[in-house]
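**Student:** One structure follows; several queries about it will come next.
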């Protein structure tokens, strides 16, 4: 199998009536956890990361190792995606490194972290589209503001997407996928009570999907924040507040309303952290972090495999043979 473009993988997902999970990773054993889950469930998958999110001093070193790890899983279609690229230069670096998909998040000013104007969002998105598309790389953008914290440091308010603006945005930029704010939120603290129709605006998905039928919709901030994982973390030195995330049934329902890409970061990181904390507590003399990291990798892989079943992607890895990204670019320019 090949490193696939986001557009190709999501086109097949739409045709098959399922969603594809995009799982955030911050280290190589987490990349392995995602790919192991995909191999075990025979799933196409999106591995994504945020610039500066790893413990590596260099994004380029980490990204190169990530891409080399993907080479060891030739049996599954894999997209390597930059999540929330804050500006053109960061997206360019990811394209040049070999990513098959990038997200330009022009919804927030990268310095002030405040919502930008529609026009500013369009301008930077068009820059990224022009650079990425001629290299066969797919482009995701964001409209509205998906609240919460992507990096644990800065917090953004929620600004719901406007359907008519979504239509105009796609017409002006030509992006392959669009993250639309429907009330979900990034981070380990989302809702103070179980979300209902007044918080999660699933109706917006249907409305926007009808207006931009050729553009894939993306659900960000979709983690469920499992209470049992929070309890394990807190029982071993953590301090996560009680919070509710997006119910699994709502994520599954979104794939029938128009969503083909479902982002998940916090749930799998909670599983990883909980298992690591338990392993470290069980061996007070432990100094080598590898056994705890191994436990974390296994727990992360297990929850991701479970979500692949919920999203519907399980069993679909063999449905098609992917086109290499650079080959696809050459064909499109011929």
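Numbering (this note's numbering), first residue to last: 575 to 908. Quick reminder that beta carbons are idealized off the backbone N, C-alpha and C, glycines included.
Can you round the beta-carbon distance between residue 578 and residue 651 to whole angstroms, since I take them to be within the 8 Å contact cut?
**Tutor:** Confirmed, Cβ separation roughly 5 Å.
**Student:** Below 7 Å between beta carbons: does that hold for residue 655 and residue 620?
**Tutor:** Cβ atoms of residue 655 and residue 620: closer than 7 Å.
**Student:** Take residue 604 as the anchor and find which of 886, 814 and 838 has the nearest alpha-carbon.
**Tutor:** Among 886, 814 and 838, the Cα nearest to that of residue 604 belongs to 838.
**Student:** Excluding the 5 residues flanking residue 889 on each side, which residues of the same chain have their C-beta closer than 6 Å to its C-beta?
**Tutor:** Excluding positions up to five away in sequence, the list reads 616.
**Student:** Rounded to whole angstroms, what's the CA-CA distance from residue 789 to residue 637? Just pull it up for me.
**Tutor:** If you take the alpha carbons of residue 789 and residue 637, they lie about 27 Å apart.
**Student:** Taking the Cβ atom as the reference point for each residue, do residue 845 and residue 874 lie within a distance shorter than 7 Å?
**Tutor:** The answer is yes: Cβ separation under 7 Å.
**Student:** Inspect the beta-carbon positions of residue 658 and residue 624 and report whether they are closer than 7 Å.
**Tutor:** Yes, Cβ-Cβ distance for residue 658 and residue 624 is below 7 Å.
**Student:** To the nearest angstrom, how far is the alpha carbon of residue 726 from that of residue 614?
**Tutor:** Any answer about residue 726 is weak, because its pLDDT of 46 lies below 50 and its placement is not dependable; what the coordinates show is given next. Rounded to the nearest angstrom, the two C-alpha atoms are 31 Å apart.
**Student:** Using CA coordinates, which residue listed in 662, 705, 714 and 747 is at the minimum distance from residue 693?
**Tutor:** When only C-alpha atoms are compared, the closest one is 747.
**Student:** Residue 658 lies in the beta strand (DSSP E); which residues open and close that run?
**Tutor:** That run of the beta strand (DSSP E) goes 652–659.
**Student:** Okay, do the segment 824–841 and the segment 786–804 touch, 3+ Cβ pairs below 8 Å being the bar?
**Tutor:** The segment 824–841 vs the segment 786–804: in contact.
**Student:** Could you compute how far the alpha carbon of residue 703 sits from the alpha carbon of residue 783?
**Tutor:** Cα-Cα distance, rounded: 21 Å.
**Student:** Report yes or no: do three or more beta-carbon pairs, one from the segment 804–812 and one from the segment 591–600, lie closer than 8 Å?
**Tutor:** Taking 8 Å as the limit for Cβ pairs, the verdict is that the segment 591–600 does not touch the segment 804–812.
**Student:** Can you tell me where the alpha helix (DSSP H) with residue 774 in it begins and where it stops?
**Tutor:** Unbroken run through residue 774: none, as it is neither H nor E.
**Student:** Compute the Euclidean distance between the alpha carbons of residue 728 and residue 864, then round it to the nearest angstrom.
**Tutor:** Residue confidence for residue 728 is low, a pLDDT of 46 falling below 50, so the modelled location carries little weight; the figure read from the coordinates is stated next. Going by the C-alpha atoms only, they are around 30 Å apart.
**Student:** Consult DSSP for residue 649 and reduce its assignment to one of helix, strand or coil.
**Tutor:** Reduced to three states, the DSSP call for residue 649 is coil.
**Student:** By the DSSP assignment, the beta strand (DSSP E) with residue 714 in it spans what residues?
**Tutor:** Counting along the chain, the beta strand (DSSP E) containing residue 714 begins and ends at 712–717.
**Student:** Can you check whether the CB of residue 706 is closer than 7 Å to the CB of residue 717?
**Tutor:** Cβ distance not < 7 Å, so residue 717 and residue 706 don't count as in contact.
**Student:** Within the continuous beta strand (DSSP E) that includes residue 594, where are the two ends?
**Tutor:** First-last of the beta strand (DSSP E) with residue 594: 594–598.
**Student:** Below 6 Å CB to CB, which residues in the same chain sit around residue 700 once its five sequence neighbours on both sides are set aside?
**Tutor:** 747.
**Student:** Can you tell me whether residue 635 is buried or exposed, with buried defined as 16 or more other CB within 10 angstroms of its CB?
**Tutor:** Answer is exposed; the Cβ neighbour count stays below 16.
**Student:** At what residue ranges does the segment 813–844 contain a whole run of the alpha helix (DSSP H), taking only runs of 4 or more?
**Tutor:** Complete alpha helix (DSSP H) runs here, min 4: 822–831.
**Student:** Among the residues of its own chain, which have a CB less than 8 Å from the CB of residue 775, if the five just before and after it don't count?
**Tutor:** Once the five neighbours on either side are set aside, the close Cβ partners of residue 775 are 734, 756 and 757.
**Student:** By Cβ distance, which residues of its chain are closer than 7 Å to residue 829, with the 5 residues on each side in sequence left out?
**Tutor:** These residues qualify, in order along the chain: 592, 593, 885 and 886.
**Student:** Compute the Euclidean distance between the alpha carbons of residue 895 and residue 691, then round it to the nearest angstrom.
**Tutor:** Each residue's Cα considered, the two are about 40 Å apart.
**Student:** Any idea if residue 714 is buried or exposed, counting beta-carbon neighbours within 10 angstroms, 16 or more meaning buried?
**Tutor:** The residue in question, residue 714, is buried, as its Cβ has 16 or more Cβ neighbours within 10 Å.
**Student:** Do residue 670 and residue 712 come within 7 Å of each other at the CB atom, strictly closer than that value?
**Tutor:** Against a cut-off of 7 Å, the Cβ pair of residue 670 and residue 712 comes out as no contact.
**Student:** Drop a sphere of 10 angstroms on the beta-carbon of residue 688, count the other beta-carbons inside from all chains shown, and report buried for 16 or more, exposed for fewer.
**Tutor:** When all chains shown are included, residue 688 counts as exposed.
**Student:** Within the same chain, show all residues whose beta-carbon is closer than 8 Å to that of residue 841, passing over the 5 residues directly before and after it, in chain order.
**Tutor:** Excluding sequence neighbours, residue 841 sits near 797, 798, 799, 800, 803, 819, 877 and 881.
**Student:** Name the DSSP bridge partner or partners of residue 779?
**Tutor:** DSSP lists no partner for residue 779.
**Student:** Bridge partners for residue 787 per DSSP, in chain order?
**Tutor:** The partner list for residue 787 (beta bridge, DSSP) is empty, contrary to what the question assumes.
**Student:** Taking 7 Å as the cut-off, decide whether the C-beta atoms of residue 850 and residue 826 are in contact.
**Tutor:** No.
**Student:** Please confirm whether residue 853 and residue 869 have their CB atoms less than 7 Å apart.
**Tutor:** For residue 853 and residue 869, yes; Cβs fall inside 7 Å.
**Student:** Within 10 angstroms of its Cβ, does residue 724 collect 16 or more other Cβ (buried), or is it exposed?
**Tutor:** The predicted position of residue 724 is uncertain, since its pLDDT is 45 and thus under 50; no value can be drawn from it.
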